[in-house]
Structure formats: structure tokens, C-alpha cells
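With the sequence shown counted from 1, adding 4 to any position gets you our numbering. Cβ coordinates follow ideal geometry from the N, Cα and C atoms, glycine included. For reference, the structure is listed below as C-alpha cells.
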Amino acid sequence: MVQNTDSQVQKAILNEQKRQLEGMELIASENYQSEAVLQAQSSVFANKYSEWFPWKRYYWWQENTDIVEQLAIDRAKQIFHADHANVQALSGAAANICVYAALMEPWDTILWMDLSHWWHLTHWAPVTFLSKVFNFISYKTLENGEIDFDEIRRLARKHKPKIILAWFSAYPRELDYSKFVEIANEVWAIAFADMSHIWGFIAAWILKNPLDYGFHVMMTTTHKSLRWPRGSLILSKWVVSNPLKKPENTIENIPTRIDRAVFPWIQWWPHMNTIAAIAVALWEAQTDKFKEYAIQALKNSKVMAEEFINRWYKLVTWGTDNHMVILDFSNTPIENGKNAEYILDLVGISTSKSTIPDDPNPPFRPSGLRIGTPAMTTRGVKEDDIRIIVDFIDQTLKLIPFMQEKNFSEKINKLKSQVIEFSKQFPVPRIN
Ligand SMILES: *Cc1c(COP(=O)(O)O)cnc(C)c1O
5 MVQNTDSQVQ
15 KAILNEQKRQ
25 LEGMELIASE
35 NYQSEAVLQA
45 QSSVFANKYS
55 EWFPWKRYYW
65 WQENTDIVEQ
75 LAIDRAKQIF
85 HADHANVQAL
95 SGAAANICVY
105 AALMEPWDTI
115 LWMDLSHWWH
125 LTHWAPVTFL
135 SKVFNFISYK
145 TLENGEIDFD
155 EIRRLARKHK
165 PKIILAWFSA
175 YPRELDYSKF
185 VEIANEVWAI
195 AFADMSHIWG
205 FIAAWILKNP
215 LDYGFHVMMT
225 TTHKSLRWPR
235 GSLILSKWVV
245 SNPLKKPENT
255 IENIPTRIDR
265 AVFPWIQWWP
275 HMNTIAAIAV
285 ALWEAQTDKF
295 KEYAIQALKN
305 SKVMAEEFIN
315 RWYKLVTWGT
325 DNHMVILDFS
335 NTPIENGKNA
345 EYILDLVGIS
355 TSKSTIPDDP
365 NPPFRPSGLR
375 IGTPAMTTRG
385 VKEDDIRIIV
395 DFIDQTLKLI
405 PFMQEKNFSE
415 KINKLKSQVI
425 EFSKQFPVPR
435 IN
């Protein structure tokens with residue numbers, strides 16, 4: 005037990021438990037794993053080396069690891085309508101690199117969402133290794149936040165990308181997947197979706213699944229709306245042809261190329277404890293309880309959007325189809341998302357700053373704030389509680405013009421103790 009060995013780490017764990025229980029977690033990408041998932045993740049599978057596929061390993065003694073990995077693969081395929089699943093990439097970031105490496109040669113082009121519009125660092129950025137290897141051309145949304153398909157088509161015809169990438173880290177609407185696929189097919193590109201944020205709702209079959217609309221490859225992190233361990237899935241249609249033979253560069257060979265990119269091209273050995281936990285989480289994802297959770301998270305998000313609009317806040321796209329709401333503070337006394345994130349943090353409410361379409365501000369001080377419901381919904385929050393949460397946020401943001409006043413910290417402390425009282429009513433798995 006940690007408490008009997010390392011008192012310093014034990015203290016940090018206890019403080020983190022307190023923070024998670026008393027705080028209000030509204031960062032759209034965070035969530036709480038279940039007790040069963042945590043247990044599988046800290047199981048003895050952490051001691052075991054494996055590689056390549058179940059039933060085709062290099063190391064011996066895989067009779068148990070093969071079973072858990074095969075379960076994870078079979079469940080993932082069934083839930084997400086895929087013919088092939090790779091469950092080994094260590095994170096979303098690692099999985100994105102594997103997909104790029106599997107499907108592109110150096111200096112091939114990828115068409116992706118612009119930095120100023122909810123980009124994700126692992127899709128491309130000048131500060132990343134990816135910028136040395138691949139050529140990136142970016143598209144944007146229209147001013148109202150809608151995807152500009154005419155622009156995507158124009159850019160695709162001009163630059164002939166190998167990959168057209170859909171999905172981003174802060175987009176509150178459904179995407180028209182068929183339109184992406186139509187353009188990709190026209191220019192012989194691969195349609196790739198990074199579904200990291202909304203995967204939980206696809207698992208519950210309440211948001212659209214890009215594979216059903218002809219997308220060639222999808223990737224997701226497993227710890228966001230899914231509530232799984234920190235890992236990832238790469239899913240596609242078609243099946244592995246001959247794992248021993250270097251595959252030709254065709255669409256039918258996507259699964260073979262992906263498996264080979266994960267091992268031995270880029271990543272090598274997976275973490276079998278995480279794969280065991282992914283298998284457990286996939287089991288949980290098939291239960292009615294998970295479906296109810298996913299439906300509630302979306303209901304909560306809709307109520308949150310309405311409640312902000314009723315209070316005269318400006319929202320990107322004026323609403324939401326998923327678990328996140330993006331407030332736009334441009335031309336308001338709050339000025340930007342950084343100010344909002346800072347003051348909300350003072351009262352124990354975690355959110356994240358976010359860009360808005362064609363943001364006039366730089367990414368470190370963007371105009372928007374992203375607020376998500378998955379974590380608090382796991383803790384049991386319902387529509388009426390969301391109204392209270394929006395009231396806390398509204399009261400806190402209204403203090404921004406008064407930050408220099410004498411009684412500012414008094415007001416903040418009062419709100420903070422109310423936030424703690426409120427949040428503590430809702431339990432967090434493994435913390436009581
Ligand atoms: C979170 C996220 C990632 C990165 O996932 P990690 O597992 O944290 O590496 C990649 N893409 C998108 C869109 C994300 O939201």
C-alpha cells in the first residue's frame with residue numbers, strides 16, 4: 005500500500021482526491037473511471053510484456069493476455085461497426101502518429117482544421133515533430149461555425165491530400181460525414197476521423213458513427229466521454245490481409261498498415277493492463293446504464309446551452325448537439341476565455357479556454373471558454389443541478405470587473421464554499 009511506503013506520494017494522492025471531490029469538473033475532456041476499470045488497470049497485467057497480435061506473439065506465456073486483448077478487439081468491433089480494431093496505441097497522440105505513418109509517406113499532404121478553429125496539437129502544429137515530416141493544408145469554418153465544405157472541396161482538388169481529417173477538440177455540433185467522404189472519394193484521399201471527444205455518445209449509439217457514412221479510419225482516445233483508461237482505439241473497415249507481408253498501399257490494406265505502424269514501425273509494446281481495462285470498459289459501454297449516462301450527459305449539455313442563452317451569453321453556433329458548450333466572450337467585459345478560466349478556477353470550477361471561429365485573439369488568450377458535462381454527469385448531476393451550476397458560473401464571471409476591489413476575495417471565498425458544498429453531494433468513484 006502506498007500509505008505504508010511513500011508518505012509523500014500518499015499525501016499528494018489524498019490531496020488530489022479531495023480536489024476531485026470538492027471541485028466542479030467541467031473540462032470537456034475529463035471524466036471519472038469506474039471502480040472496475042481502475043481495478044483492471046492496476047492489475048498484474050502491468051507485469052507482462054506482449055507484442056504484435058493475440059495468438060501471434062513473440063514472447064511466451066500469453067494465454068491470459070491473448071484473452072483480454074481479443075475481448076477488447078471483438079467488443080470494439082461490435083460496438084463501433086468496425087471490421088478491424090487496434091487497441092494497442094498508448095494514447096490518442098500516439099494513435100494519431102501511427103495513423104499518419106501507416107497511411108502517408110513523408111511530405112504527403114493532410115487537410116485539417118486550422119489552428120484558429122479548435123485544432124488539436126496532435127493533428128499538426130509548427131512546434132511538433134509532425135511539421136518536419138508532413139505537409140499540412142488547413143480549412144476553416146464559416147463565421148457562424150458551420151463547416152465550409154466548398155472550401156474543403158476547393159483545397160482538396162488543388163492540393164490532393166492523402167488524408168482529410170475530421171473532428172476537432174472543441175466543436176459543439178454534429179458533422180455531415182457523407183460530405184467529407186464524398187470529397188475524399190473524389191480526390192482519392194482517406195477520410196480519417198479523430199473522434200476523441202464524442203466517442204462515448206457513438207458507443208451509446210446516440211450520435212452518428214463516421215464508419216457508417218463511409219469514413220475509412222477512426223481514432224479515439226478512451227478516457228474522455230467514454231470514461232475508460234487512458235489509451236486509444238484505431239478502427240477501420242476491411243481486415244488484415246497477410247500480417248507477415250508488407251502490404252501494398254491500397255484502401256483495403258488500411259488495417260494491415262495500421263497494425264504494422266503500431267508494431268513494429270512506431271510504437272512497439274503495448275500496456276496490457278490498459279488493454280485489460282479497455283476490455284472491461286467496453287463491456288460497461290454495452291450496458292443500459294452507460295446508455296442512460298450518455299443520454300443524460302447530452303440532455304445536461306442542452307439545458308446548459310439554453311440556460312446560458314437565457315442569461316444573454318453568446319454561444320458558438322448558438323447551441324450544442326454534443327456534450328460541450330462554447331461561450332464566446334469577444335466584445336464583452338469578460339474579454340477572453342483566459343480571464344474566465346482563471347476566475348472560475350478561483351471558486352473551484354474547472355473549465356478550459358478555447359478558440360472561436362476566426363478568433364481575433366492568440367491561442368494562449370483565446371476568446372472562448374469550453375464547458376463540458378461528461379464528468380459531472382458521471383457524478384449524477386441532472387438538469388436541475390445544471391441550472392445551479394450555470395448560476396454559479398454566471399455569478400463568478402460577473403465578478404470579473406471587480407477584481408481590484410477590496411472585498412473581491414471575500415466574495416470569491418463565499419462562492420467557493422458554496423461550490424464545494426454543492427459538488428460534495430455527488431460522489432466520485434473510489435473517493436468517499
Ligand atoms: C485528447 C485528444 C487527443 C489526444 O489524446 P491523448 O490520449 O491525451 O494523447 C487527440 N485528438 C483529440 C481531438 C483530442 O481531443
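Determine which residues share a DSSP beta bridge with residue i and list them.
| i | result |
| --- | --- |
| residue 264 | Its beta-bridge partners do not exist; DSSP assigns none. |
| residue 117 | 143 |
| residue 406 | Residue 406 is not bridged to any residue. |
| residue 29 | 354 |
| residue 88 | 240 |
Can you tell which of the options has the C-alpha that lies nearest to the C-alpha of residue i?
| i | options | result |
| --- | --- | --- |
| residue 80 | 313, 203, 363 | 203 |
| residue 101 | 115, 128, 113 | 128 |
| residue 432 | 231, 285, 393, 321 | 231 |
| residue 107 | 199, 380, 395, 263 | 263 |
| residue 240 | 425, 414, 137, 89 | 89 |
| residue 58 | 309, 280, 20 | 280 |
| residue 196 | 26, 171, 206 | 171 |
| residue 368 | 345, 74, 270 | 345 |
| residue 117 | 208, 109, 374, 126 | 126 |
| residue 308 | 294, 378, 42 | 378 |
| residue 437 | 328, 382, 73, 191 | What is shown of the chain runs 5 to 436, which leaves residue 437 out entirely. |
| residue 287 | 7, 44, 93 | 44 |
| residue 69 | 238, 86, 48 | 48 |
Assuming residue i and residue j form a contact by the criterion Cβ under 8 Å, report the distance between their Cβ atoms to the nearest whole angstrom.
| i | j | result |
| --- | --- | --- |
| residue 341 | residue 358 | 6 Å |
| residue 320 | residue 372 | 6 Å |
| residue 274 | residue 54 | 7 Å |
| residue 76 | residue 283 | 4 Å |
| residue 84 | residue 213 | 6 Å |
| residue 194 | residue 221 | 6 Å |
| residue 400 | residue 353 | 7 Å |
| residue 244 | residue 260 | 5 Å |
| residue 242 | residue 256 | 5 Å |
| residue 64 | residue 267 | That belief does not hold up - the Cβ atoms of residue 64 and residue 267 are roughly 17 Å apart, past 8 Å. |
Please list, in chain order, all residues of the same chain as residue i whose beta carbon is under 6 Å from its beta carbon, the five residues on each side excluded.
| i | result |
| --- | --- |
| residue 398 | 315 |
| residue 311 | 391, 394 |
| residue 163 | 113, 141 |
| residue 73 | 58, 279 |
Are residue i and residue j close, meaning C-beta to C-beta below 9 Å?
| i | j | result |
| --- | --- | --- |
| residue 236 | residue 142 | no |
| residue 179 | residue 210 | no |
| residue 200 | residue 33 | yes |
| residue 299 | residue 351 | no |
| residue 363 | residue 121 | yes |
| residue 51 | residue 229 | no |
| residue 374 | residue 174 | yes |
| residue 159 | residue 140 | no |
| residue 208 | residue 295 | yes |
| residue 104 | residue 167 | yes |
| residue 233 | residue 285 | yes |
What residues in its chain sit with their C-beta under 7 Å from that of residue i, if we drop five residues either side in the sequence?
| i | result |
| --- | --- |
| residue 332 | 318, 319, 320, 360, 371, 372 |
| residue 23 | none |
Got a sec? Which residues, its chain only, sit under 8 Å from residue i by beta carbon, not counting five neighbours each side?
| i | result |
| --- | --- |
| residue 411 | none |
| residue 396 | 28, 351, 353, 419, 422, 423, 426 |
| residue 218 | 181, 182, 185, 189, 195 |
| residue 111 | 137, 138, 139 |
Beta carbon of residue i: closer than 8 Å to some heavy atom of ligand 3?
| i | result |
| --- | --- |
| residue 377 | Looking for ligand 3 in the displayed structure turns up nothing; the ligands present are ligand 1. |
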